[in-house]
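Report on one structure; see the data block that follows.
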Amino acid sequence: MTETNDYDADDVERERGILTPSDRKFLGGEKELSGQSKRDARYRIRKRIKHGLLDISFLRRMISNKDRKLIAEDLFPSDENGDVIVLRVISVLFRMILDVENEDIEKAKSRFESTLAGGIRSVITQLDDSDRFLINISVDININREEPDPDKLMSKYKAGRESFEELRWLRQHDYISHDRTYHDHMLNHLWEGEENASIGISTKEGFEIYETSDFDNLENFKESVFSAMEESPVDMIED
Numbered sequence: 001m002t003e004t005n006d007y008d009a010d011d012v013e014r015e016r017g018i019l020t021p022s023d024r025k026f027l028g029g030e031k032e033l034s035g036q037s038k039r040d041a042r043y044r045i046r047k048r049i050k051h052g053l054l055d056i057s058f059l060r061r062m063i064s065n066k067d068r069k070l071i072a073e074d075l076f077p078s079d080e081n082g083d084v085i086v087l088r089v090i091s092v093l094f095r096m097i098l099d100v101e102n103e104d105i106e107k108a109k110s111r112f113e114s115t116l117a118g119g120i121r122s123v124i125t126q127l128d129d130s131d132r133f134l135i136n137i138s139v140d141i142n143i144n145r146e147e148p149d150p151d152k153l154m155s156k157y158k159a160g161r162e163s164f165e166e167l168r169w170l171r172q173h174d175y176i177s178h179d180r181t182y183h184d185h186m187l188n189h190l191w192e193g194e195e196n197a198s199i200g201i202s203t204k205e206g207f208e209i210y211e212t213s214d215f216d217n218l219e220n221f222k223e224s225v226f227s228a229m230e231e232s233p234v235d236m237i238e239d
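Position one of the sequence shown corresponds to residue 1 (UniProt numbering), numbered consecutively onward.
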């Protein structure tokens, strides 16, 4: 699964969690603050996030099995939508560890592997029949990085055979422009990828969401998105 931009205008008005709707508007760029007000808001948000994460210990040790299961079934259903939430949680945690390790990927990876294995072990050992077994858990994350060949990627792009990651790399490094061809390829990847991918188009009238699940076929999906872009070509966010 590939993670893309997870900003959703509709998500801003959810009930208060770690963040309030006002916090989400500020972080999403919808609410302008300056000077001391901006510094106060960022400090307040950092404190809320810190204590929100510390509250996870209560979920692990004190919440009832029934309540935990109900939360999980609502938040992490056994489908692509549930996996997206898990992916985002893991992404944030790894990013924080990488920050602490000063961008040292190998050190962060090793620490994340050890911590993830320990977290899994703590759950497995609490199961009713765990005392019947010797439990060994290992997590091995392989990160392979290679220098892209722009000429080869451009050839794949022109033939319509590039991967989603390759398309984004070409765009980020200005080998292709933000034109209709790029958007056509992007829509192809979104349609073929996650089960309920969406496009957010920022127009003069507001922010409109187009979800792949709302369309019967790719052609109709593209037609609606391109029509909205032509009427008010302000911005587009992939999710």
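A virtual CB, placed ideally from N, CA and C, is assigned to each residue, including glycine.
What residues in its chain sit with their C-beta under 8 Å from that of residue i, if we drop five residues either side in the sequence?
{"i": "residue 11", "result": "24"}
{"i": "residue 41", "result": "23, 26 and 33"}
{"i": "residue 101", "result": "107, 108 and 111"}
{"i": "residue 235", "result": "Note that residue 235 scores 48 on pLDDT, short of 50, meaning its location in the model is unreliable; the coordinates nonetheless yield the value given after this. 201 and 202."}
Do residue j and residue i count as a contact pair if the criterion is CB distance below 9 Å?
{"i": "residue 97", "j": "residue 111", "result": "yes"}
{"i": "residue 18", "j": "residue 52", "result": "yes"}
{"i": "residue 183", "j": "residue 226", "result": "yes"}
{"i": "residue 209", "j": "residue 224", "result": "no"}
{"i": "residue 113", "j": "residue 139", "result": "yes"}
{"i": "residue 156", "j": "residue 187", "result": "no"}
With distances taken from CA atoms, which of the options is nearest residue i?
{"i": "residue 144", "options": "106, 56 and 64", "result": "106"}
{"i": "residue 163", "options": "141, 147 and 192", "result": "192"}
{"i": "residue 126", "options": "29, 198 and 60", "result": "60"}
{"i": "residue 179", "options": "213, 161 and 230", "result": "230"}
For residue i, which residues from the same chain have a beta carbon less than 6 Å from its beta carbon, with the 5 sequence-adjacent residues on both sides left out?
{"i": "residue 153", "result": "166 and 170"}
{"i": "residue 189", "result": "164"}
Taking residue i and residue j to be in contact with their CB atoms under 8 Å, please state how far apart those CB atoms are, rounded to whole angstroms.
{"i": "residue 137", "j": "residue 120", "result": "5 Å"}
Identify, in the order they occur along the chain, each residue of the same chain with its Cβ nearer than 7 Å to the Cβ of residue i, setting aside the five sequence neighbours on each side.
{"i": "residue 117", "result": "137, 138 and 139"}
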